[in-house]
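Residue numbers (the working numbering): 165 to 302. Take a look at the structure set out below.
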């Protein structure tokens, strides 16, 4: 009976640590994948421009691909749980394209008409830095 108290205390501590660990893991992994906004909302057809994608469900170490229309981004960096930065691939032509995010776990999310490719002669400074497209279309 004497040895039971330290054992019970150890088990209680282990249970508390396990619960905290599982709670921390579920808050990262259990969050639903979403796209809230894309900035800038436009860029040149030639690509190679950084685009910030705000949303939820991102995490460091996550395998993630971003598509602008049907073209895969050549570089994607997860900056945090709510931000990824993707480099635009060259666009097939000027116009609106969807942005699709696909994770290594098979999750997909699409923001329709989220990015506008423009010809370089039609692009100006405010197109690349001032425009933001959001889920609500604003």
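Glycine included, C-beta positions come from ideal geometry on N, C-alpha and C.
| Query | Result |
| --- | --- |
| Helix, strand or coil for residue 211, going by three-state DSSP, please let me know. | coil |
| Alpha carbon to alpha carbon, what distance is there between residue 199 and residue 218? | 6 angstroms |
| Using a Cβ-Cβ cut-off of 8 angstroms (strictly less than) and excluding sequence neighbours within five positions of residue 284, which residues of its own chain qualify? | 208, 209, 210 |
| From the DSSP output, in three-state form, read off residue 284 for me. | helix |
| If I follow the unbroken beta strand (DSSP E) through residue 200, where does it start and stop? | 198-203 |
| Our contact map puts residue 226 next to residue 251 with C-beta atoms below 8 angstroms; I'd like the distance itself, whole angstroms only. | About 17 angstroms separates the two Cβ atoms, so there is no contact after all. |
| I'd like the list of long-range same chain contacts for residue 253, defined as Cβ closer than 7 angstroms, with 5 residues on each side in sequence excluded. | 211, 232, 235, 236, 237, 238 |
| What do you get for residue 264, buried or exposed, if any count of 16 or more other CB atoms within 10 angstroms of its CB means buried? | buried |
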